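The UniProt record's numbering applies: residue 1 is where the sequence shown begins, and numbers increase by one.
Virtual Cβ for every residue (Gly too), placed ideally from N, Cα, C.
Computed from a prediction, not measured in an experiment: that's the story for all the values here.
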Amino acid sequence: MERLKAYKFRIYPTEEQALFFAKTFGCVRKVYNLMLYDRIQSYQKSQKVSKGKITFPTPAQYKKEYPFLKEVDSLALANAQLNLDRAYKNFFRDKSVGFPRFKSKKNPVQSYTTNNQNGTIFLIKNKYIKLPKIKDYIRVKIHRQPEGIIRSATISYHSSGIYYISLLYKEEIIALPKTGLAIGIERGMNNFIVLSDGRKVNNMLDNEKMRLKLKQEQRKLARRMVLTKNNGVSLSEAKNYQKQKQKVARLYVKITNQQRDFLNKLTTEIIKNYDIICIKCMGENNKPSNPKLTHRMLELSWSSFISKLQYKASWCGRELIIIDTGFKASEICSRYGSKDGKKMTNLAEWIYPICDTSRELGIDSNKNILIAGQKNRN
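Set out below in C-alpha cells:
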C-alpha cells in the first residue's frame, strides 16, 4: 500500500543559505497576505456590483509590482496560494475553523514548501540535501533512513534559531503481522492512559525538571526586559535580552520534542502489539479537578494521541474503535455487566455488590471499553 509519509530532519544552513531562507519566508508571507487582501476586496466589490464568478490574482501577477519575488523559488509562492485555497475551503466547510488570517513576521515559526520536479530535491550520502534555487548543498542530519520518492520539502525556522526540513515521501507501507490481541484504553486521572490489561502509562511528571528550568529562565527573561526598558533601550537592540529570549524558545522546543517523542513511541508500541484497539474519547466530565494535573493533561494532547493512533492503524492494518464519551464505563461491572451508579472521581477501588469483589476502577472501566468496542465491531 502506497502512502505519503513525512520525515523531519534538522538542517544546518550557511549564512548565505539562511539569508535565502529568510528572503523566501518573507516573500511567501507577502504573497499570501496580498492574495488574502485581494480576495477580500474582490468579494466585497462583487457583492456591490454582481454575483458573477470572481477571479483572483496569481503569484506571478505580483512580480511586476514586486520584482524581489523573482529572487526566490516560484514553487514556494505557488504553494502559498494552495495553502490559502485550503484555508478558504476549510472555513466554508466548518466555520469554527475561523476565517483565514494575515501572516505575521512575528510568528515563532516561519516556513515555506517547495516541490520535487524532475529530481530537483535529493539527498547526497545522507549528509547533504539539494533544494531548488540554492546552488550549494545544505548540511542535514539524517537520523532515520527514509525510503521512496520525495514529493515535496518544507523548510521551517523556529525562533530558537533552529532550522528543520520536512520531506514528504511516497513510499510502500507493509501491513504488520496479526497478533490476535485486543486492548481497551482510557485516559487516567493520575496517569496518561490506563489499559485493560492492567498496565498504566504515566508521563505527566517526567518533565517536571524541564518545567522548573523553563520557569527559572522565564523569570530571568522578565528581569532583563524590565532592566532594558528602565535603561531606555529597545528590546530588539538589547543583546542580552535577545540571547535569553532565544534560550527560552529552545527550552520550549525541547519540551515539545520530548512530548512528541513520547506520543510517537507509545502509539507505535500499541499498534505493533494489538490488532483491535478500543479507546474512549475524553469529555469535560472526565478531566480531573486538580488544576495542575489538568494543565499537564492538556499539554500531552489527547487529540494528538488519537490522531497518531488513527493514521498508524490505517497504515499497519489495525482496527481502531472509538467509544463515545457518553458511555459510562466506570458505572458497569465488567464481569456481570450490572450498573451500580456514578462514582467519585477520586476513588481508586470499588466493591461491586453483585459479585462482592473489589477491583480497581480504572482497569475495570477499560475492560468495559474493550467489551463495548468489540460489540460495536460486531
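| Check | Outcome |
| --- | --- |
| Tell me, please, which residues DSSP counts as bridged to V233. | Answer by DSSP bridge pairing: none, since V233 is not bridged. |
| D73: buried (16+ other C-beta within 10 angstroms of its C-beta) or exposed? | buried |
| CA-CA distance, I150 and T113? | 13 Å |
| When the Cβ atoms of the stretch 309-325 are set against those of the stretch 366-374, are three or more pairs found closer than 8 Å? | yes |
| Could you tell me the alpha carbon to alpha carbon distance between A76 and K23, rounded to whole angstroms? | 11 Å |
| Quick check: what's the CA-CA separation for L347 versus K265? | Reliability of the predicted coordinates at L347 is poor, the pLDDT of 49 falling under 50, and no value is obtained from them. |
| In the DSSP output, which residue or residues are listed as bridge partners for T114? | A153 |
| Using DSSP bridges, identify the partner residues of F9. | I165 |
| Between which two residues does the beta strand (DSSP E) holding residue 399 run? | Here the chain has residues from 1 to 378 only, and residue 399 is not among them. |
| What are the start and end residues of the beta strand (DSSP E) that includes F122? | 122-124 |
| With a threshold of 16 other CB atoms inside 10 Å of the CB of Y12, please say whether the residue is buried or exposed. | exposed |
| Could you check what DSSP says for E147 in three-state terms: helix, strand or coil? | coil |
| Roughly how many whole angstroms lie between the Cα atoms of I277 and S234? | 55 Å |
| Suppose the cutoff is 7 Å on Cβ atoms and the five residues either side in sequence are ignored; what does the same chain contact list for D197 look like? | I183 |
| With contact counted as at least three CB pairs below 8 Å, one residue from each stretch, are the stretch 218-228 and the stretch 240-249 in contact? | yes |
| Let me check understanding here. Comparing Cα to Cα, which of P57, W315, L34 lies closest to R3? | W315 |
| In the DSSP assignment, what are the bridge partners of A182? | I276 |
| Between Y169 and the rest of its own chain, which residues show a CB-CB distance below 8 Å, the 5 nearest in sequence each way excluded? | L4, K5, A6, Y7, P146, E147, G148, I149, I150, R151 |
| Can you find a C-beta in chain C that's less than 8 Å from the C-beta of P132? | No chain C appears in this structure, which consists of one protein chain only. |
| Any idea if P108 is buried or exposed, counting beta-carbon neighbours within 10 angstroms, 16 or more meaning buried? | exposed |
| If the criterion is Cβ atoms closer than 8 Å, does the pair I165 and I129 meet it? | yes |
| Taking its Cβ as the centre, do 16 or more other Cβ atoms sit within 10 Å of Q44, making it buried, or is it exposed? | exposed |
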